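Residue numbers (my numbering), protein chains in the order written: chain A, 925 to 1082; chain B, 925 to 1082. Glycine included, every Cβ here is placed at the ideal spot set by N, Cα and C. On a predicted model such as this, the values are computed, not experimentally measured, just so you know.
This is the structure we're talking about:
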């Protein structure tokens, strides 16, 4: 798509091509807890976003030019959760132009195993570990759909 | 990543953010042929590229801003092969910064069933239907790796 920027020097329009923005999101799997802990089954890490759109979300962010999706996923997980993660696979790519209210992003979602204790950092105002039964109500973007796909399609065959 | 364009009016540099370019590629599955046809097993459509990098490649191209990956895959398949395709799933996303010698692209690869007869169009100088045994030698980008993943990981469980 053609788009225009304003030249900061002469103020006239400069034509640029606009593409959807590539992003990654990471489903970080935490070890199950002991019986009675409420964490007997799969639990995942979500962050509460500091910036709009507000709500809980998977850790994730933009892919840099020259950076692979895998490198971006490991980097973003570390930046937002302070965890070192080991990627185990791709859940899939999500690209509905309306999935982010700010602009058109395409995300590739990775499943990963987390090491260490999650600590909120960077864009994350808070952090939590949730099972399917304890997921928060206010989930940003299309991350509720992504989590449903994970719990229904990925976890059973894992 | 920050990058600079030259303003076409005043010639001075205009800062732009540069992201990897999102693309799609499509593995179009053709019906198997009769015994003795050499097409008894899975066969896929490849195009011979009109533009550099030359060689055979999966049909595919850039995702437009505001367009889903699925819509881009159906559109690109139609533009380059003249076929109507029905998507059956995602093989995965490939993002090695070196996968395209021209610039950093991230591709999401779809598997699809094709209807109609493949006819080369748009960027395609020629078109062919190949099985794993008859794949051409000169395959552009990382499409040989993608096809290996398809034949080794996707097809057996299909």
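Residue range of the alpha helix (DSSP H) that includes residue 1070 of chain B
Its alpha helix (DSSP H) spans residues 1067–1073.
Within the 8 Å Cβ cut-off, does residue 974 of chain B reach chain A?
No, residue 974 of chain B does not count as interfacial toward chain A.
Own chain, CB closer than 7 Å to residue 963 of chain A, minus 5 neighbours either side, in chain order
The residues are 956, 957, 1055.
Boundaries of the alpha helix (DSSP H) in which residue 1004 of chain A is found, first to last residue
Unbroken alpha helix (DSSP H) run through residue 1004 of chain A: 993–1005.
What did DSSP end up calling residue 946 of chain B once you bin it into helix, strand or coil?
Here DSSP, grouped into helix, strand and coil, assigns residue 946 of chain B to strand.
Residue 1079 of chain A at chain B interface by Cβ criterion, 8 Å
Under the 8 Å criterion on CB atoms, residue 1079 of chain A is classed as non-interfacial with respect to chain B.
Compare the C-beta of residue 1067 of chain B against all C-beta atoms of chain A and say whether one is closer than 8 Å.
Not flagged as an interface residue toward chain A: residue 1067 of chain B, since no C-beta distance is shorter than 8 Å.
Using beta carbons (cut-off 8 Å, strictly below), is residue 993 of chain B in contact with chain A?
With 8 Å as the cut-off, residue 993 of chain B counts as an interface residue toward chain A.
Do you know offhand how far residue 935 of chain B's Cα is from residue 931 of chain A's?
So the alpha carbons of these two residues sit roughly 10 Å apart.
Assign residue 1042 of chain B to one of two classes, buried (16 or more other C-beta atoms within 10 Å of its C-beta) or exposed (fewer than that).
Buried.
Are any of the Cβ atoms in chain A nearer than 8 Å to that of residue 1056 of chain B?
Judged by the 8 Å Cβ criterion, residue 1056 of chain B is not in contact with chain A.
Can you list, in chain order, the stretches of the alpha helix (DSSP H) that have 4 or more residues and sit fully within the region 1006–1040 of chain B?
As far as the region 1006–1040 of chain B is concerned, it has no whole alpha helix (DSSP H) run of at least 4 residues.
So, with DSSP's three-state summary, where would you put residue 1079 of chain A?
Helix.
Would you decide whether residue 1000 of chain B is buried or exposed? Buried here means 16 or more other CB atoms lie within 10 Å of its CB.
Around the beta carbon of residue 1000 of chain B, 16 or more other beta carbons sit within 10 angstroms, so the residue counts as buried.
Run through the DSSP bridge pairs and tell me what residue 930 of chain B is partnered with.
The bridge partners DSSP lists for residue 930 of chain B are B/937.
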